[in-house]
Structure formats: structure tokens, C-alpha cells
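**Student:**
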Amino acid sequence: MNNISWQDIRKVIIDFLQQRLANNSSYKSELTKLEKAKQAGDQKAVNESQQKMSELSKRFDFENWMEDAATRRLFWISICHHSSKAIHSSSLGDNVNNFTITKPNEQQYVSSSTPTHLVADSSGNAAGLDIFSLLNQCINGDKTLLELIIDDHPAVLKALSDDEQKAAIYLANFKKVIFNDFEKPKADELNKQLYWPNSEESYLSQQEDNYRLLVPLHPTSLCNVVYQKVQTRFSEENKKAREQRRLKGAEHQPYFTFHELAVVKLGGSNPQGVSQLTSNQGGRNFLLPSMPPKFERFSISVNQLK
Numbered sequence: 357m358n359n360i361s362w363q364d365i366r367k368v369i370i371d372f373l374q375q376r377l378a379n380n381s382s383y384k385s386e387l388t389k390l391e392k393a394k395q396a397g398d399q400k401a402v403n404e405s406q407q408k409m410s411e412l413s414k415r416f417d418f419e420n421w422m423e424d425a426a427t428r429r430l431f432w433i434s435i436c437h438h439s440s441k442a443i444h445s446s447s448l449g450d451n452v453n454n455f456t457i458t459k460p461n462e463q464q465y466v467s468s469s470t471p472t473h474l475v476a477d478s479s480g481n482a483a484g485l486d487i488f489s490l491l492n493q494c495i496n497g498d499k500t501l502l503e504l505i506i507d508d509h510p511a512v513l514k515a516l517s518d519d520e521q522k523a524a525i526y527l528a529n530f531k532k533v534i535f536n537d538f539e540k541p542k543a544d545e546l547n548k549q550l551y552w553p554n555s556e557e558s559y560l561s562q563q564e565d566n567y568r569l570l571v572p573l574h575p576t577s578l579c580n581v582v583y584q585k586v587q588t589r590f591s592e593e594n595k596k597a598r599e600q601r602r603l604k605g606a607e608h609q610p611y612f613t614f615h616e617l618a619v620v621k622l623g624g625s626n627p628q629g630v631s632q633l634t635s636n637q638g639g640r641n642f643l644l645p646s647m648p649p650k651f652e653r654f655s656i657s658v659n660q661l662k
């Protein structure tokens, strides 16, 4: 990570913007019109298409795009590991992430702290999700821009703008969104709420004000880990291992299989309204069976115990 320079980061950003411009539907449409106008020898149409393409290109110019993205559109999205909208797609409560949470030394149950690497998620206005895509770009095949900002890498600041003052503002805004810098954290009436006793003693005392009000959020990133794991059942390696189990003389390999899965779909016809990872999953979230074990009664004769 130490060999990453600000030029490396800048190049990734510029390449990302050029790709965004090339994939822009309006730009591609004008490019097609330009080619047809050139073939027809219509200079007026050529000039019109070139003018429109030039205007579109300015939107994806490095300094122009960064100023718009890092001072305005950035605040349209929330970067998180736990989503409020997954509880209810109309919820306006805050999302929360695990970037600054220290992993416990001993874990007695599975949580968002369990995976060694947890992919971040994003929710909010779809018009700002391209910023989240940029943050997930890898620098030199090593770490993402998001991870470099979290690690406070010294090369990030200069990479964001040639103007030092603007770069400082951009970086501060990125950190504010990434680290959940809430001035006034808020839940929503559509979120579920739980009153949880502070201790067994306070619960038994039946006194008032001995509870914490908890607002559970959907662990969208952890659910994505489960989703990806379950999806390995469709991989070529898993398929081949499963087929070899039926062949005599073939080398048997372990494979994944999951029984009694249930699926809960979030977001209806618009899972992107919940979050980016939810959209990537088509809204599907797998529920593993959590039923108690089934015990069967059987009898043993005295002779069997001898």
C-alpha cells in the first residue's frame, strides 16, 4: 500500500470518468448521430453533435465532476453495513457502518464483526451511486479508494484536486459520509424498536427507565456474505464435485449444498431503492433454517447394554 502515489489514484479516477462518459447513453447517441452526419456530409448536423458531445464531456471533466460529486451529490447516499431501508424501503432513518468498530477478541455469536473482510453497501439516491462505484475502484490492484480513505493514506488528498483547499474539503466530506459523522442520529417511525433491559437486576426490579431503546437495522453486508456463500452451489467447481460423487473411480471432492432455504425479497420491483448490494442480489436474501433439532425416541434392551 505504501507504493501507491497520488498519480496512481488520480489515473484511476480519470479512467473511471472516461468510462462513465463512454457508457453515457446521451453521449453514445450523439456519437452515432455524428457518424451518420459525417457519412451524409451534413456539416450542420456534425457541428450540432460535436457541440452536444463537448458539453457532455465537460460534465465528466475531472475537476468539474469532483466538485459536483464531493460537495453535492455525495450527500445523497449513505455508505453502510447496516441498512434502515431494508427494514422498510420508505424509512428515512440513518444507516450505520462498522469501519470504526473494533472487533471483539472473543465472539460467541455470528455478527457483522465475524467476517475478516466485509464489503460496504450504499443506499440513497440512485443519481449518486456512481460515487460509490468510484470509491470501490482498486488502486494498483491493491486496495480500493474507499479503503485508502479509511486508512488515511497520505496520497489521497492530493489526488482529489490540484487545488489544495478544494481537495481538503472533498476529503473531509468523504470522511463525513464514510464514518457516519452524524450530528443528530435519527431513526424512523417505520423502523422496529425494542426495549431491552440494562441488566437482569433492573428487569427484576420492575423499576422504570431501566431499559435501552434499540433500533435494529438490517445487516445488509453480512447478508451479502451469506448470499455469496450460498451462491457457490452454482459454481463450476461445485457442480463438477457434485457430479463426481456419482462416478465410480472418480476422485471425490467436497461440495456445498444447502437444504430448506427460504428467500425473503426486499425492495419489491426496485431493490436498488433499498441498497446497492440488495440490487446486486435482485432483492433476494437467503434465510437458513433455524428450527430446533428433532429428537427421536428409541429404547435399548438390557442385553444391548452388556
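Counting from 357, one number per residue, gives the positions in the sequence shown under the working numbering. Don't be surprised by glycine CBs; every beta carbon is placed ideally from N, CA and C.
1. Please report the straight-line C-alpha distance between Asn-536 and Ile-435, rounded to a whole angstrom.
2. Taking C-beta to C-beta, are Asp-450 and Ser-440 nearer than 9 Å?
3. Along the chain, which unbroken stretches of the beta strand (DSSP E) at least 3 residues long are found entirely within the segment 463-501?
4. Who does Val-452 pair with in a DSSP beta bridge?
5. Taking all protein chains shown into account, do 16 or more other C-beta atoms lie within 10 angstroms of the C-beta of Asp-312, making it buried, or fewer, making it exposed?
6. At 3 residues or longer, what runs of the beta strand (DSSP E) sit wholly inside the segment 595-661?
7. Can you find the residues in the same chain that come closer than 6 Å, C-beta to C-beta, to Gly-484, ignoring five residues on each side of it along the sequence?
8. Assuming Gly-629 and Ser-445 are in contact, meaning their beta carbons sit under 8 Å apart, how far apart are those beta carbons, in whole angstroms?
9. Suppose the cutoff is 8 Å on Cβ atoms and the five residues either side in sequence are ignored; what does the same chain contact list for Ala-597 look like?
10. Please classify Asn-379 as buried or exposed, where buried requires at least 16 neighbouring CB atoms within 10 angstroms.
11. Within a Cβ cutoff of 6 Å, which residues of the same chain sit near Val-571, ignoring the five residues on either side of it in sequence?
12. Quick check on the burial criterion: 16 or more other C-beta atoms within 10 angstroms. Buried or exposed for Pro-649?
13. Could you spell out the range, first to last residue, of the beta strand (DSSP E) harbouring Trp-552?
14. Out of Ala-426, Arg-653, Val-402 and Ile-360, which one is the CA nearest neighbour of Phe-488?
15. Give me the Cα-Cα distance between Ile-534 and Ile-505, rounded to the nearest whole angstrom.
16. Let me make sure I understand the geometry here. Which of Lys-367, Gly-624, Phe-372 and Ser-646 has the alpha-carbon closest to that of Gln-637?
17. Distance check for Lys-414 and Lys-540, CA to CA, integer angstroms please.
18. Would you please state the rounded distance, in angstroms, between the beta carbons of Pro-575 and His-473? I believe it to be under 8 Å.
19. Roughly how many angstroms separate the alpha carbons of Pro-645 and Glu-593, rounded to a whole number?
20. Here's the rule: buried if 16 or more other CB atoms are within 10 angstroms of the residue's CB, otherwise exposed. What is Gln-399?
21. Suppose you measure from the CA of His-615 to the CA of Phe-642; what does that come to, to the nearest Å?
22. Near Arg-366, which residues of its chain fall below 6 Å by C-beta distance, leaving aside the five closest residues on each side in sequence?
23. Classify Asn-453: buried if its beta carbon has 16 or more other beta carbons within 10 angstroms, exposed otherwise.
24. Straight-line CA distance for Ile-493 to Thr-613?
25. The beta strand (DSSP E) with Leu-570 in it runs from where to where?
26. What does DSSP give as the partner residues of Ile-433 in its beta bridges?
**Tutor:** Walking through what the data contain:
1. In the sequence shown, counting from the first residue as 1, residue 536 sits at position 180. In the sequence shown, counting from the first residue as 1, residue 435 sits at position 79. Spanning the two alpha carbons is a distance of roughly 8 Å.
2. Numbered from 1 along the sequence shown, position 94 holds the residue referred to as residue 450. Numbered from 1 along the sequence shown, position 84 holds the residue referred to as residue 440. Yes, the Cβ-Cβ distance between Asp-450 and Ser-440 is below 9 Å.
3. 477-480
4. What you label residue 452 is simply residue 96 of the sequence shown in a count that begins at 1. Per DSSP, His-438.
5. No information on residue 312 is available, as it lies outside the stretch 357 to 662 that the chain covers here.
6. 618-621 and 640-643
7. By 1-based counting over the sequence shown, the position of residue 484 is 128. Result list for Gly-484: Arg-429, Trp-432 and Ile-433, in chain order.
8. Here residue 629 corresponds to residue number 273 of the sequence shown, with the count starting at 1. Here residue 445 corresponds to residue number 89 of the sequence shown, with the count starting at 1. The pair is a contact, with the Cβ atoms about 5 Å apart (cut-off 8 Å).
9. Looking up residue 597 in the sequence shown gives position 241. His-608, Gln-609, Pro-610 and Tyr-611, listed in sequence order.
10. Numbered from its first residue, the sequence shown carries residue 379 at position 23. The residue in question, Asn-379, is exposed, as its Cβ has fewer than 16 Cβ neighbours within 10 Å.
11. Taking the sequence shown and counting its residues from 1, one reaches residue 571 at position 215. Counting only Cβ-Cβ distances below 6 Å, and skipping sequence neighbours, we find Ala-543, Asn-547 and Gln-549.
12. Taking the sequence shown and counting its residues from 1, the one referred to as residue 649 is at position 293. Exposed is the call here.
13. Taking the sequence shown and counting its residues from 1, the one referred to as residue 552 is at position 196. Taken as a continuous stretch (DSSP letters only), the beta strand (DSSP E) holding Trp-552 covers 550-553.
14. Here the question's residue 488 lines up with position 132 in the sequence shown. Residue Ala-426 is the option with its Cα nearest to Phe-488.
15. Working through the sequence shown from its first residue, we reach residue 534 at position 178. Working through the sequence shown from its first residue, we reach residue 505 at position 149. Whole-angstrom Cα-Cα distance: 9 Å.
16. Position 281 of the sequence shown holds residue 637. Measuring from the Cα of Gln-637, the nearest candidate turns out to be Gly-624.
17. Counting from 1 along the sequence shown, the entry for residue 540 is found at position 184. Counting from 1 along the sequence shown, the entry for residue 414 is found at position 58. Each residue's Cα considered, the two are about 37 Å apart.
18. One-based indexing of the sequence shown puts residue 575 at position 219. One-based indexing of the sequence shown puts residue 473 at position 117. Pro-575 to His-473, Cβ: 15 Å. No contact.
19. Position 289 of the sequence shown, counting from 1, holds the residue named residue 645. Position 237 of the sequence shown, counting from 1, holds the residue named residue 593. Approximately 25 Å between the Cα atoms of the pair.
20. In the sequence shown, residue 399 corresponds to position 43, counting from 1. Classification for Gln-399: exposed.
21. Here residue 615 is taken as the residue at index 259 of the sequence shown, counted from 1. Here residue 642 is taken as the residue at index 286 of the sequence shown, counted from 1. Rounded to whole angstroms, His-615 to Phe-642 spans 11 Å at the Cα level.
22. Start at 1 with the first residue of the sequence shown, and residue 366 comes out as number 10. Closer than 6 Å at Cβ, skipping near neighbours: Ala-515.
23. Residue numbering aside, residue 453 sits at position 97 when the sequence shown is read from its first letter. When all chains shown are included, Asn-453 counts as buried.
24. For the purposes of this step, residue 493 is taken as the residue at position 137 of the sequence shown. For the purposes of this step, residue 613 is taken as the residue at position 257 of the sequence shown. Note on residue identity: the sequence assigns Gln, not Ile, to residue 493. Approximately 33 Å between the Cα atoms of the pair.
25. Taking the sequence shown and counting its residues from 1, the one referred to as residue 570 is at position 214. Counting along the chain, the beta strand (DSSP E) containing Leu-570 begins and ends at 567-570.
26. For this step, residue 433 is matched to residue 77 along the sequence shown. Per DSSP, Gly-480.
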